[in-house]
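Listed in order, the protein sequences are those of chains P and B.
Going by the working numbering, the first sequence opens with residue 1, and the numbers climb by one from there.
Going by the working numbering, the second sequence opens with residue 456, and the numbers climb by one from there.
Virtual Cβ for every residue (Gly too), placed ideally from N, Cα, C.
These numbers were taken from a predicted model, which means no experiment stands behind them.
Scroll down for the structure; my scribbles are underneath it.
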Amino acid sequence: MFESLSGKLSGVFDRLRSRGVLNETDVMEALREIRLALLDADVALPVVRDFIAKVRERAIGQEVIGSVSPGQQVVKIVNDVMVDALGGAGVVPINLNAAAPVPILMVGLQGSGKTTTSGKIALRLLQRQKKKVLLASLDTQRPAAQLQLQQLAERAGVSSLPIIAGQTPLQIAARAMDTGRREVFDVVILDTAGRLAIDATLMDEVKAIRDATQPAETLLVVDAMTGQDAVVTAQAFHEALGITGIVMTRMDGDARGGAALSMRAVTGAPIKLTGSGEKLDALEDFHPERVAGRILGMGDVVGLVERAAETIDEAEAEKLARKMAKGLFDLDDYASQLRQIGKMGSLSSILGMLPGGAKLQQQVGNANLDTKMLKRQAAIISSMTKAERKNPDLLKASRKKRVAAGSGTTVQELNKLLKQFDDMTTMMKRMNKMGQKGLMRQGLSALMPQGRRPF
Amino acid sequence: MALGGFLSRLKQGLSRTSEKLTSSIGAVFTKRRLDDAALEELEDLLIAADLGTAVAAQVIANFRRTRFGKEVGEDEIKIALADEIAAILAPVAQPLVINRSLKPHVVLVVGVNGTGKTTTIGKLAQFYAEQGMQSVLVAGDTFRAAAVEQLQVWGQRTNCPVVSGSHEADPAGLAFDALTQARASAADVLLVDSAGRLHNKSALMEELRKIIRVLQKQDPTAPHSVLLVLDATTGQNAIQQVQVFKDMVDVTGLVVTKLDGSARGGIVVALAEAFNLPVHAVGVGEQAADLRPFDATAFARGLVGL
Chain P
1 MFESLSGKLS
11 GVFDRLRSRG
21 VLNETDVMEA
31 LREIRLALLD
41 ADVALPVVRD
51 FIAKVRERAI
61 GQEVIGSVSP
71 GQQVVKIVND
81 VMVDALGGAG
91 VVPINLNAAA
101 PVPILMVGLQ
111 GSGKTTTSGK
121 IALRLLQRQK
131 KKVLLASLDT
141 QRPAAQLQLQ
151 QLAERAGVSS
161 LPIIAGQTPL
171 QIAARAMDTG
181 RREVFDVVIL
191 DTAGRLAIDA
201 TLMDEVKAIR
211 DATQPAETLL
221 VVDAMTGQDA
231 VVTAQAFHEA
241 LGITGIVMTR
251 MDGDARGGAA
261 LSMRAVTGAP
271 IKLTGSGEKL
281 DALEDFHPER
291 VAGRILGMGD
301 VVGLVERAAE
311 TIDEAEAEKL
321 ARKMAKGLFD
331 LDDYASQLRQ
341 IGKMGSLSSI
351 LGMLPGGAKL
361 QQQVGNANLD
371 TKMLKRQAAI
381 ISSMTKAERK
391 NPDLLKASRK
401 KRVAAGSGTT
411 VQELNKLLKQ
421 FDDMTTMMKR
431 MNKMGQKGLM
441 RQGLSALMPQ
451 GRRPF
Chain B
456 MALGGFLSRL
466 KQGLSRTSEK
476 LTSSIGAVFT
486 KRRLDDAALE
496 ELEDLLIAAD
506 LGTAVAAQVI
516 ANFRRTRFGK
526 EVGEDEIKIA
536 LADEIAAILA
546 PVAQPLVINR
556 SLKPHVVLVV
566 GVNGTGKTTT
576 IGKLAQFYAE
586 QGMQSVLVAG
596 DTFRAAAVEQ
606 LQVWGQRTNC
616 PVVSGSHEAD
626 PAGLAFDALT
636 QARASAADVL
646 LVDSAGRLHN
656 KSALMEELRK
666 IIRVLQKQDP
676 TAPHSVLLVL
686 DATTGQNAIQ
696 QVQVFKDMVD
706 VTGLVVTKLD
716 GSARGGIVVA
726 LAEAFNLPVH
736 AVGVGEQAAD
746 LRPFDATAFA
756 RGLVGL
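If you want it as structure tokens, here you go:
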């Protein structure tokens with residue numbers, strides 16, 4: 001989401017890095033570029049001004065001018081100010097410190113993703129905290145909105161409040177809390193209709209709901225693609241309801257997401273969660289330091305490792321490692337590895353999390369490689385006989401033709417796969433020969449086939 | 456459907472935008488010399504209205520040429536701004552014309568999640584019904600929970616048949632069947648809904664292309680219109696959205712929704728500048744009657760508070 005801003009800022013910093021000592025003019029020039037980049041990234045104007053002022057204050061003077069590597073220094077200052085503005089380091093969890101059933105109120109504009117997010121939070125509380133969750137839709141405005149939440153509840157495996165046509169949102173809220181108490185639910189999520197902060201009638205309605213239910217959390221759901229309006233919306237909802245947290249949705253898009261900076265700045269409420277997909281488990285904690293790192297082109301390695309840890313089957317990984325150590329790695333193992341990588345998401349989204357990956361990500365996107373390539377490779381392998389998978393050397397011209405035809409690919413693609421597999425086994429043999437110490441001494445470069453780069 | 460009604464609705468919808476923009480303009484320009492500092496402040500105000508840095512700079516460059524150093528009042532600034540913006544918007548203000556000889560004129564509605572595609576289809580169906588045209592609606596969003604039911608409610612409201620399949624049915628197959636049905640009943644318009652999708656997800660974009668390919672098996676000229684529905688509160692990412700959708704599915708026009716809420720809507724100006732795609736209609740509310748043709752002058756005047 002923040003790639004473009006990363007790109008712009010790294011352009012600015014590249015120029016800074018290339019100079020020995022910075023003077024005030026250089027800093028001012030960089031700040032102008034940063035200002036434009038932030039504005040193009042939809043960070044609200046007053047927030048940009050504030051941000052720039054803070055960076056200037058810290059940048060001009062001893063800290064930068066005359067220091068050894070001024071460019072690096074500015075990068076660090078911008079990063080620090082960005083992390084601060086996004087809420088400082090660390091995750092702020094959903095607050096459930098209230099008498100059960102704990103009410104959570106979901107509010108926001110139309111189409112920001114409240115209902116989907118409600119379903120996601122329900123699933124998260126169920127899976128991670130073993131909470132008994134009741135979902136209740138108070139959306140009597142949009143056709144079939146209540147039905148949508150009911151269907152999401154079924155998918156998440158949680159309960160939803162039975163729909164009674166003709167009830168007002170306030171009546172539904174009261175019934176939800178009542179059901180929550182009677183049937184001993186831990187949490188009741190109240191999903192409200194989308195509304196504009198300027199719509200006085202609807203704002204009064206949601207205020208009445210808040211007063212009646214006294215939610216432990218009032219979460220404002222905001223689309224990461226939102227423009228300058230984010231600041232106005234956040235402020236209005238905050239003034240009316242007292243927002244306790246923000247959820248940013250559609251973080252899997254390529255919007256630069258400046259709204260995150262804006263909303264945090266005007267409400268002071270922490271961004272608690274981010275939505276990054278349409279599946280119910282696509283809800284993640286918001287890490288200010290990581291997002292800031294991503295804005296500045298430093299990648300999100302922590303996020304990548306975390307995602308890998310969550311998706312990769314540990315037992316299978318260990319089995320693979322043992323086989324590798326013995327030099328018994330065959331094409332079947334390769335295929336299982338492909339599947340594991342596929343589970344982590346598209347290649348381009350993985351690349352996006354690596355430092356400097358944004359550019360690569362674009363190239364991969366353009367080449368339309370992505371998971372499709374992994375699937376094709378898996379298809380090629382599954383078109384081979386068991387013997388061929390154990391011993392790829394069996395694959396000569398006529399067998400190759402058969403496998404290519406069987407998997408709907410070409411012999412060239414098959415050859416490419418075999419070459420990759422060959423490189424990989426060579427790498428493993430070298431790794432085994434070198435042993436742990438050799439690897440430490442020579443680093444990863446010792447493993448790479450000669451004259452080749454990892455990408 | 457009178458023009459007066461439209462203007463007042465649009466004005467109402469844009470009132471917050473204009474309040475915002477004009478109260479700031481008022482603060483800057485009660486009466487002062489239009490110098491560098493003043494121009495810079497004005498540029499910032501345009502940026503804050505989501506016009507984007509490039510378009511804001513362009514408008515300001517024109518101001519600099521004609522008015523630099525002059526003493527100006529608030530109204531003068533407003534009129535000049537409106538003229539400037541209307542000039543950019545005028546070429547794109549084109550209504551969607553349904554070709555009644557096609558039977559049906561196929562309209563595919565696309566966009567990212569939550570922009571208001573289904574609601575827009577409901578409103579369009581109402582609009583065409585008022586003009587005496589029969590529409591068939593296709594519940595092509597087979598992904599999101601209850602999207603089909605949502606469109607069915609609109610079908611009942613507007614008295615239009617809705618073609619729907621089961622959850623996670625293939626939207627392309629559904630569109631194909633619906634086209635067969637619409638041709639048999641000689642309907643005037645076929646409105647095809649699609650699931651919301653982020654433009655950077657290539658697999659989902661490919662799925663949209665498939666809908667088009669399949670439609671073309673029956674009618675090589677279909678879809679006759681591909682409408683991209685855009686949320687007016689979207690920031691600069693809208694440009695990326697339009698670019699990708701245009702490249703992938705050959706978007707023929709835009710519908711800008713939620714103009715009742717956006718303090719800005721200035722992104723429309725940036726889009727007109729960048730793509731020159733027709734803006735067919737704007738959504739200014741949740742009711743069936745809240746979809747209106749796009750009027751460049753009214754929009755520009757509303758934007759600056761005239």
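Classification of residue i by the beta-carbon crowding that lies within 10 angstroms, buried from 16 upward
i, result
"P:Glu318", "exposed"
"B:Ala637", "buried"
"B:Lys656", "buried"
"P:Met28", "exposed"
"P:Gly242", "exposed"
"B:Phe749", "buried"
"P:Ala335", "buried"
"P:Gly356", "Legend: pLDDT at P:Gly356 = 49, less than 50; position of this residue unreliable, no value from coordinates given."
"P:Pro93", "exposed"
"B:Ala751", "buried"
"B:Thr521", "exposed"
"P:Gly268", "exposed"
"B:Arg747", "buried"
"P:Arg210", "buried"
"P:Val184", "exposed"
"B:Thr712", "buried"
"B:Leu458", "Reliability of the predicted coordinates at B:Leu458 is poor, the pLDDT of 39 falling under 50, and no value is obtained from them."
"B:Ala753", "buried"
"B:Asp505", "buried"
"B:Ser621", "exposed"
"P:Glu57", "exposed"
"B:Lys533", "buried"
"B:Val552", "exposed"
"P:Gln127", "exposed"
"P:Thr244", "buried"
"B:Arg599", "buried"
Where the beta strand (DSSP E) through residue i begins and ends
i, result
"B:Leu683", "Ser680 to Asp686"
"P:Thr218", "Glu217 to Asp223"
"B:Leu500", "Taken as a continuous stretch (DSSP letters only), B:Leu500 belongs to no beta strand (DSSP E), being part of the alpha helix (DSSP H) at Asp491 to Ala503."
"B:Thr508", "Where B:Thr508 is concerned, there is no enclosing beta strand (DSSP E), although the alpha helix (DSSP H) it sits in stretches over Thr508 to Arg522."
"B:Leu709", "Gly708 to Thr712"
Residues that DSSP places opposite residue i in a beta bridge
i, result
"B:His560", "B:Val644"
"B:Ala548", "B:Val734"
"P:Ser160", "P:Leu135"
"B:Pro748", "B:Ala736"
"P:Gly275", "P:Leu283"
"P:Leu462", "Residue 462 of chain P is absent from the structure shown; chain P starts at 1 and stops at 455."
"P:Thr201", "Answer is none; P:Thr201 lacks a bridge partner."
"B:Val565", "B:Leu683"
"P:Thr226", "B:Thr689"
Start-to-end residues for the alpha helix (DSSP H) that takes in residue i
i, result
"P:Leu135", "Note, P:Leu135: premise wrong, no alpha helix (DSSP H); beta strand (DSSP E) at Val133 to Ser137."
"P:Asp178", "Pro169 to Arg182"
"P:Ile246", "Where P:Ile246 is concerned, there is no enclosing alpha helix (DSSP H), although the beta strand (DSSP E) it sits in stretches over Gly245 to Thr249."
"B:Leu634", "Pro626 to Ala639"
"B:Leu762", "Any question about residue 762 of chain B goes unanswered here, given that chain B covers just 456 to 761."
"P:Thr267", "Ala259 to Thr267"
The ligand COA heavy atom lying under 7 Å from the CB of residue i
i, result
"P:Glu57", "You won't find the ligand COA in this model; it holds no ligand whatsoever."
*Could you give the uninterrupted runs of the beta strand (DSSP E) lying entirely in the region 572 to 623 of chain B, keeping only those of 3 residues or more?*
590 to 593
Under 7 Å, CB to CB, which of the residues in the region 489 to 502 of chain B have a partner in chain P?
Asp499 and Ile502
Mind listing which residues of the region 124 to 148 of chain P have their C-beta closer than 9 Å to chain B's C-betas, in chain order? Gln141, Arg142, Pro143, Ala144, Ala145, Gln146, Leu147 and Gln148
Considering only residues of the region 40 to 118 of chain P, which uninterrupted alpha helix (DSSP H) runs meet the minimum length of 4 residues and lie entirely inside it, listed in chain order?
-> 45 to 59 and 70 to 86
Could you name the residues of the region 205 to 231 of chain P whose beta carbon sits closer than 7 Å to any beta carbon of chain B, in the order they occur along the chain? Asp223, Met225, Thr226, Gly227, Gln228 and Asp229
Under 7 Å, CB to CB, which of the residues in the region 645 to 659 of chain B have a partner in chain P?
Leu653, Asn655 and Ser657
**Message:** What are the residues in the region 28 to 54 of chain P lying within 8 Å of chain B by C-beta distance?
**Reply:** Leu36, Leu39, Asp40, Ala41, Asp42, Ala44 and Leu45
Check your understanding: Residues in the region 552 to 570 of chain B with C-beta within 8 Å of chain P's C-beta atoms, listed in sequence order?
Key -> Val567, Asn568, Gly569 and Thr570
- Task: With 7 Å as the C-beta to C-beta threshold (strictly closer), list the residues of the region 101 to 126 of chain P near chain B in chain order.
- Result: Leu109, Gln110, Gly111, Ser112 and Gly113
Practice problem: Report the residues of the region 233 to 266 of chain P with a CB closer than 9 Å to any CB of chain B, ordered along the chain. | Solution: Thr233, Thr249, Arg250, Asp252, Gly253, Asp254, Ala255, Arg256, Gly257, Gly258 and Ala259
### Query
Listed from N- to C-terminal order along the chain, which residues in the region 589 to 604 of chain B have their beta-carbon within a distance smaller than 9 Å of any beta-carbon of chain P?
Phe598, Arg599, Ala600, Ala601, Ala602, Val603 and Glu604
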